[in-house]
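Novice: This note's numbering applies: residue 12 is where the sequence shown begins, and numbers increase by one.
Backbone N, C-alpha and C define an ideal beta-carbon position, used for all residues, glycine too.
Note that the structure is predicted; figures quoted are calculated from it, not measured.
The structure that follows is given in the form of structure tokens.
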Amino acid sequence: MKVLIVKLSSMGDLVQALPALSDAAQAVPGIEFDWVVDEAFAEIPQWHPAVRRVVISAHRRWRKQLLSSARRGDLRLFWRTLREERYDLVIDAQSGLKSGLVTRMARGTRAGPDKRSVREYGAHWAYQRQYRVSRDQLAVERLRELFSVALGYPKPDTAPDFGLSEQTWPSVSDRPESPYLVFVTNASWETKCWPEEHWVQLLQQATQNGYQVLLPWGSPDEQARATRLAEAAGAGVQVLPRLSLSELAGLLNDSAGAVCNDTGLAHIAASLDRPVVTVYGPTDPRLIGATGRHSEHLVAEGISCASCRRNECQRTGGPEAQCLRAIEPERVWQRLRHLQANAE
Numbered sequence: 012m013k014v015l016i017v018k019l020s021s022m023g024d025l026v027q028a029l030p031a032l033s034d035a036a037q038a039v040p041g042i043e044f045d046w047v048v049d050e051a052f053a054e055i056p057q058w059h060p061a062v063r064r065v066v067i068s069a070h071r072r073w074r075k076q077l078l079s080s081a082r083r084g085d086l087r088l089f090w091r092t093l094r095e096e097r098y099d100l101v102i103d104a105q106s107g108l109k110s111g112l113v114t115r116m117a118r119g120t121r122a123g124p125d126k127r128s129v130r131e132y133g134a135h136w137a138y139q140r141q142y143r144v145s146r147d148q149l150a151v152e153r154l155r156e157l158f159s160v161a162l163g164y165p166k167p168d169t170a171p172d173f174g175l176s177e178q179t180w181p182s183v184s185d186r187p188e189s190p191y192l193v194f195v196t197n198a199s200w201e202t203k204c205w206p207e208e209h210w211v212q213l214l215q216q217a218t219q220n221g222y223q224v225l226l227p228w229g230s231p232d233e234q235a236r237a238t239r240l241a242e243a244a245g246a247g248v249q250v251l252p253r254l255s256l257s258e259l260a261g262l263l264n265d266s267a268g269a270v271c272n273d274t275g276l277a278h279i280a281a282s283l284d285r286p287v288v289t290v291y292g293p294t295d296p297r298l299i300g301a302t303g304r305h306s307e308h309l310v311a312e313g314i315s316c317a318s319c320r321r322n323e324c325q326r327t328g329g330p331e332a333q334c335l336r337a338i339e340p341e342r343v344w345q346r347l348r349h350l351q352a353n354a355e
């Protein structure tokens with residue numbers, strides 16, 4: 012059976028879809044998946060052994076450069092690649108308007124959530140088969156349920172299997188030999204970023220306990236933040252060079268643990284079963300929390316407007332989230348140490 016998955020972005024959302032593939036591979040012998048994904052995250056589907064082929068979209072770039080992309084033939088090439096094969100089933104695992112359009116373009120019976128379950132209303136018009144899937148559950152479980160009803164097998168009640176246990180990760184030069192931690196200090200919204208002074212305190216706590224700490228980044232602004240934090244924290248903190256997602260996954264896989272803002276690398280760390288603490292402010296970990304055997308979500312205590320889903324804090328009137336400031340560095344450190352002890 013050949014199935015096409017349409018899930019274009021983002022990093023965390025893609026990682027959350029991997030257990031659904033593991034369930035399907037176990038339930039449907041011989042099933043093979045192709046996956047349509049944005050070029051920025053094309054490495055992630057390739058990590059799962061059930062994925063045969065990745066079809067790369069560049070919808071973010073095309074949106075900004077529509078005319079030049081059309082002249083170069085990028086859109087025509089994507090159309091041809093997408094329609095090279097006819098699939099037994101096409102599953103829209105993102106259920107947005109863009110993914111619904113891509114699903115409609117593909118060849119095969121189209122399936123996705125019904126009008127009450129889609130992420131963006133209207134996407135369901137692209138599907139020939141529609142399924143009710145509760146949105147009031149963790150994203151990993153929601154996707155596992157969607158695949159089970161679309162492919163016709165009972166949803167397993169086992170812990171999510173991300174299919175990464177046999178993956179070989181690329182090596183990274185200058186990786187510390189001593190035990191190291193990875194702190195992910197960036198996020199897509201400024202209101203998701205833990206205050207820099209909290210990061211500095213946590214960095215100093217980690218280095219005083221004998222760890223080296225690695226700081227990844229993905230943009231010039233994120234690199235500048237990581238550099239500021241490393242300079243303020245002192246010796247033992249290393250700002251990484253620009254790395255691929257697979258290289259970062261390899262570093263996370265061999266680390267002693269991670270502390271993260273609500274960002275995609277938190278999901279990768281958790282999926283690798285590393286001890287990982289993720290701090291949440293305006294987003295709700297009940298629905299999108301990083302999932303893994305040794306993953307813990309920290310939210311502010313006593314802040315009624317936490318999980319507001321806003322990119323501007325209602326209390327401060329700016330990008331700094333009051334709920335994140337209320338999460339103390341000592342609390343984060345103690346939870347990380349607890350997770351490390353349980354993982355041994």
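1. Per DSSP, Tyr-142 forms a beta bridge with which residues?
2. So does the segment 188-202 actually touch the segment 220-228, counting three or more Cβ pairs closer than 8 Å?
3. Enumerate in chain order the residues of its own chain whose CB-to-CB distance from Glu-54 is below 6 Å, with the five nearest sequence positions on each side excluded.
4. When you compare the segment 114-124 with the segment 137-150, are there three or more beta-carbon pairs, one atom per stretch, that lie closer than 8 Å?
5. Measure from the C-beta of Trp-228 to each C-beta in chain B and report whether the shortest distance is under 7 Å.
6. Any contact of the segment 258-276 with the segment 234-242, i.e. 3+ C-beta pairs under 8 Å?
7. Just how far apart, CA to CA, sit Ser-110 and Leu-100?
8. Buried or exposed: Gln-216, going by 16 or more other Cβ atoms within 10 Å of its Cβ?
9. Give the single residue among Gly-119, Gly-107 and Thr-120 whose Cα lies nearest to the Cα of Ser-128.
10. In the DSSP assignment, the beta strand (DSSP E) including His-308 goes from what residue to what residue?
11. Any contact between the segment 241-250 and the segment 332-344? By contact I mean 3 or more CB pairs, one from each, below 8 Å.
12. Can you check which of these residues, Leu-240, Leu-347, Pro-56 and Glu-201, is closest to Glu-323 by C-alpha distance?
13. Taking the alpha carbon of Leu-175 as the reference point, which residue from Gln-345, Ser-33, Gly-329 and Ile-16 has its own alpha carbon closest?
14. Where DSSP assigns a beta bridge to Glu-68, which residues make up the other side?
15. Between which two residues does the beta strand (DSSP E) containing Gln-223 stretch?
16. Quick one: residues in its chain with C-beta nearer than 8 Å to the C-beta of Ala-198, no 5 flanking neighbours on either side, listed in chain order?
17. If you draw a straight line from the C-alpha of Asp-125 to the C-alpha of Trp-46, how long is it?
18. In three-state DSSP terms, what is Gly-119?
19. Would you say Ala-170 and Ala-122 are within 7 Å of each other, going by their C-beta atoms?
20. Who are the Cβ neighbours of Arg-143 in its own chain at under 8 Å, not counting the five residues just before and after it?
21. May I have the straight-line CA-CA distance separating Trp-120 from His-308, to the nearest angstrom?
22. Apart from the five residues just before and just after Ala-31, which ones in its own chain have a Cβ nearer than 6 Å to its Cβ?
Specialist: In this structure, then:
1. Pro-124
2. With the cut-off at 8 Å, the segment 188-202 and the segment 220-228 touch.
3. Leu-256 and Ser-257
4. yes
5. The question asks about chain B, but that chain is absent: this structure has only one protein chain.
6. No, because fewer than three Cβ pairs between the segment 258-276 and the segment 234-242 fall closer than 8 Å, the two stretches do not touch.
7. 15 Å
8. buried
9. Gly-107
10. 306-310
11. no
12. Glu-201
13. Closest by alpha carbon: Ser-33.
14. First, the residue type needs correcting, since residue 68 is Ser and not Glu in the sequence shown. Paired residue(s): Asp-49.
15. 223-226
16. Cys-204, Asn-272, Asp-273 and Thr-274
17. 21 Å
18. strand
19. no
20. Excluding positions up to five away in sequence, the list reads Pro-124, Asp-125, Arg-127 and Ser-128.
21. Checking the sequence shown, residue 120 turns out to be Thr, not Trp. If I take the Cα positions, the gap works out to 38 Å.
22. Leu-154, Arg-155 and Phe-158
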